[in-house]
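Comments concern the structure below.
Residue numbers (my numbering), protein chains in the order written: chain A, 1 to 198; chain B, 1001 to 1198.
Right, dumping it as C-alpha cells:
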C-alpha cells in the first residue's frame, strides 16, 4: 500500500543507505506521476463544474487523527494517512451516479493490477449493483495514452488474475481512448455518454 | 464555523476563564449532539450497504496537512481541520445520485439556518442542476423528531432569509417525518422513493 501525499507535501530528506535511496526514488517518481495525472483529472473536473456539465469531486484523503492541541486553535499534532476504502472520485452526471478511480503507469506494455486495492474492486462492484456508472481512467504515461475502462471489465480481470497486469493490447481493445487537450485536460464525459448512457 | 472533531478526539483541558468555560461547554454540547446524530446516520448507511439497498458514505473531513515527519513512518505533526466545501454524505440509490447534509438542533421551535454553510447551499444547487437527489436530514433532538427536507425548499429559504430559522410548523408541513427505529436508526430511503423517484 503506497502512502498518498497531499499536494504540497514532500518527503523530508533523511540520512539513508544507498540501496534505500534507490527504492525511495522509484516510489517518489511513481507518486509524482500519479500526482500529475491526479492534478489533470482535478482540473478536468473543475472545468466540468465551471461549465455546469457535471459535478465530480475528489474525495479527501482520510486521516486518522491521534492528537489535537487546543492551546493553539485546534492544531493537529499527531495523525496518520489512512488508505482510501473507496475510489478517489465520485459525483453526478445527468442525474446518474458516477464513480471512478484514476491511475497512472509508466509501463509501455501493460497496466499492473497491484495499483488497485481489493477494497476498491469491492466498492466498484457495489456501485455497479446499485446501477451507478463505474470505471477506471488509466493513464499510460510513457505512451501518452489514457483509457476509460469499464469497471466490470477491470474487476473481472482483477478477480481472475489478481497479481497480473492488463496487457496494453487488451486495454486498447476493451478501453476507450480519452481525448487529451488543454481544457478539459482529459475529456471523459463524451465516452460516458456513448458507452453508459446510450 | 464549528470545528468537527473526528470520533475519539476530545478537547484537552486547558486553563481558562470562567466565561470561556461556559461558552466552550455550549459548543461542546452542540458538537456532541451533532456527533450522536451523525453516528446514527452512519449506522443507517452501514445497514443499507449491508443489505445492498443503497451505497451512501460520509465524506472524510478535509485536513490541511502542513508538515509530515518521515523519520517516524509518515507521521503528520502539523495539520488543521478544514471546512467541508460540500455536504457530508453522498452516494448512489437505484442508479441515482444522492447528496445530503445531516444536522441536529435542540431548539423546540425552529431550525436555525446558521447551522448551514453558504458553500453547502451552492453545492446542493449544483447537485439539483445535474439532476441529483438533494435533501437535508434535520434532527430536532428535543422533540425526538427527524425530517427529510427537500434541498430546494431549504436553499430557497436560506437565500431569502439567510440569518433566520425555519419554524417547526414549516418543517412539519414541508418536510417528511423519518421513521426512527433500531435498525436502521433513521429509515430515510422510503421517503426518497416516495418523493423523489415516483
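Just so you know, even glycine gets a beta-carbon here, dropped at the ideal spot from N, CA and C.
Residue pairing of residue 101 of chain A in beta bridges, as defined by DSSP: A:136.
Look at residue 1061 of chain B here: in three-state DSSP terms it is coil, with no helix or strand label.
Between residue 1152 of chain B and chain A, the shortest Cβ-Cβ separation is not below 7 Å.
Here residue 1036 of chain B is exposed, its C-beta having fewer than 16 other C-beta atoms within 10 Å. The beta carbon of residue 1077 of chain B lies closer than 8 Å to those of 1067, 1068 and 1069 in the same chain, with the five residues before and after it left out.
Taking 7 Å as the threshold, the shortest C-beta distance from residue 1121 of chain B to chain A does not fall below it.
The alpha-carbon separation between residue 1136 of chain B and residue 1183 of chain B amounts to approximately 20 Å.
Linking residue 1103 of chain B to residue 1143 of chain B through their CA atoms gives a straight-line distance of about 14 Å. Chain order gives no chain A residues near residue 1032 of chain B, where near means a beta carbon separation below 7 Å; the closest approach is about 16 Å. Collapsing the DSSP output to three states places residue 78 of chain A in a strand.
Taking 9 Å as the upper bound on Cβ-Cβ separation, chain A lies near residues 1049, 1052, 1053, 1054, 1055, 1057, 1059, 1060, 1061, 1062, 1063, 1064, 1065, 1066, 1067 and 1068 of the region 1034–1068 of chain B. Chain B has no Cβ within less than 7 Å of the Cβ of residue 134 of chain A. Straight across, the Cα-Cα distance linking residue 179 of chain A with residue 63 of chain A is about 34 Å. Nearest CB-CB separation between residue 1079 of chain B and chain A: below the 7 Å threshold.
Taking CB atoms only, residue 158 of chain A has no neighbour in chain B less than 7 Å away. Annotation for residue 1190 of chain B: no beta strand (DSSP E) segment contains it, though the alpha helix (DSSP H) segment containing it runs 1189–1196. Counted as a single uninterrupted DSSP element, the beta strand (DSSP E) harbouring residue 92 of chain A occupies residues 89–93.
Excluding sequence positions up to five before and after residue 1110 of chain B, its CB lies within less than 7 Å of the CB of 1165, 1166, 1167 and 1168, all in the same chain and listed in chain order. Between residue 1149 of chain B and residue 1131 of chain B, the C-beta spacing is not below 7 Å. Contact with chain B is absent for residue 171 of chain A, since none of that chain's Cβ atoms lies less than 7 Å from the residue's Cβ. For residue 1171 of chain B, the enclosing alpha helix (DSSP H) covers residues 1168–1174. Listed by position along chain A, the residues whose Cβ is nearer than 9 Å to that of residue 1097 of chain B are 55, 90, 91, 92, 93, 95, 96, 97, 98 and 132. Interface annotation, residue 1076 of chain B: in contact with chain A, CB-CB separation under 7 Å. With a 10 Å radius around the Cβ and a threshold of 16 neighbouring Cβ atoms, residue 1071 of chain B comes out exposed. Here DSSP, grouped into helix, strand and coil, assigns residue 46 of chain A to helix.
Neighbours of residue 1127 of chain B in chain A, taken as residues whose beta carbon is under 7 Å from its own, are 55 and 92 in chain order. In this chain, residue 1158 of chain B is not harboured by any beta strand (DSSP E); it is covered by the alpha helix (DSSP H) spanning 1151–1160.
Per the coordinates, the alpha-carbon of residue 41 of chain A lies some 37 Å from the alpha-carbon of residue 1147 of chain B. Neighbours of residue 1086 of chain B in chain A, taken as residues at a C-beta separation under 7 Å, are given in chain order as 57.
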